[in-house]
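What follows is a short report on a single structure.
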């Protein structure tokens with residue numbers, strides 16, 4: 751199993767600013783992902799964080815708005831740029847092994863943009 | 851990725867067995883079926899995974915008919931702490947990310 755730590759757990763930010771969310775895994779993993787979840791809704795995949803290369807973004811999400819880094823096999827960051835109130839959501843980091851048999855999730859970062 | 855359909859919500863009394871069925875009519879040959887549980891203010895947690903027939907672990911059982919176009923998650927003797935959202939996911943075990951459907955919100959009543 752893997753334990754995922756996300757920082758910060760929550761934040762309130764001013765519109766127009768940026769927030770970087772950190773995701774640390776306690777063991778090396780092959781795959782890391784970032785999701786967004788609105789209250790009461792399901793998870794929406796933002797992107798796959800690729801180690802050593804650019805992230806792979808899902809439709810509707812772009813690198814300029816959600817730049818992602820993954821410098822090694824245990825760490826990734828997601829930045830929410832030029833925030834607006836519509837970016838208020840819970841952002842979740844996920845990690846999985848090579849066969850993706852079981853994915854592990856962090857506790858999430860609750861972001862409120864005012 | 852195969853699309854899944856689940857009931858939006860279910861209610862159950864404590865001590866009862868709960869069965870949540872998921873439809874996945876266009877499941878592919880290489881796809882596995884995986885269920886996750888999510889409590890409020892937490893990330894999803896893996897419950898069980900299967901390819902065909904029946905799989906059982908300490909938490910739940912997963913029943914998959916021969917045509918694999920549906921699956922049923924069975925939770926024996928639920929308690930209040932089983933109140934959560936349950937997601938059915940279908941996909942291969944390669945380098946593809948998990949895609950979540952709407953899930954089933956289970957409410958367990960005393």
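Protein chains in written order, with this note's numbering: chain A, 751 to 864; chain B, 851 to 960. Every residue, glycine too, gets a C-beta built ideally from N, C-alpha and C.
Would you report the Cα separation of residue i and residue j, rounded to the nearest angstrom?
i, j, result
"residue 923 (chain B)", "residue 871 (chain B)", "6 Å"
"residue 793 (chain A)", "residue 877 (chain B)", "21 Å"
"residue 864 (chain B)", "residue 954 (chain B)", "17 Å"
"residue 863 (chain A)", "residue 913 (chain B)", "43 Å"
"residue 809 (chain A)", "residue 847 (chain A)", "24 Å"
"residue 819 (chain A)", "residue 931 (chain B)", "37 Å"
"residue 946 (chain B)", "residue 805 (chain A)", "13 Å"
Just to confirm, are residue i and residue j a CB contact at a threshold of 8 Å?
i, j, result
"residue 822 (chain A)", "residue 766 (chain A)", "no"
"residue 933 (chain B)", "residue 911 (chain B)", "no"
"residue 941 (chain B)", "residue 881 (chain B)", "yes"
"residue 886 (chain B)", "residue 937 (chain B)", "yes"
"residue 816 (chain A)", "residue 829 (chain A)", "yes"
"residue 770 (chain A)", "residue 827 (chain A)", "yes"
"residue 763 (chain A)", "residue 861 (chain A)", "yes"
"residue 884 (chain B)", "residue 925 (chain B)", "no"
"residue 873 (chain B)", "residue 854 (chain B)", "yes"
Leaving out the 5 sequence neighbours to the left and right, which residues in its chain are closer than 6 Å to residue i when beta-carbon positions are compared?
i, result
"residue 907 (chain B)", "898"
"residue 774 (chain A)", "755, 825"
"residue 862 (chain B)", "868, 928, 958"
"residue 889 (chain B)", "934"
Does residue i come out as helix, strand or coil in the three-state DSSP assignment?
i, result
"residue 917 (chain B)", "coil"
"residue 809 (chain A)", "coil"
"residue 837 (chain A)", "helix"
"residue 859 (chain B)", "strand"
"residue 768 (chain A)", "coil"
"residue 756 (chain A)", "strand"
"residue 775 (chain A)", "strand"
"residue 878 (chain B)", "coil"
"residue 904 (chain B)", "strand"
"residue 909 (chain B)", "coil"
"residue 787 (chain A)", "strand"
"residue 854 (chain B)", "coil"
What does DSSP give as the partner residues of residue i in its beta bridges?
i, result
"residue 845 (chain A)", "A:782, A:854"
"residue 822 (chain A)", "A:825"
"residue 863 (chain A)", "A:763"
"residue 946 (chain B)", "Bridge partners of residue 946 (chain B): none, in fact."
"residue 869 (chain B)", "B:924"
"residue 956 (chain B)", "B:860, B:934"
"residue 886 (chain B)", "B:896, B:937"
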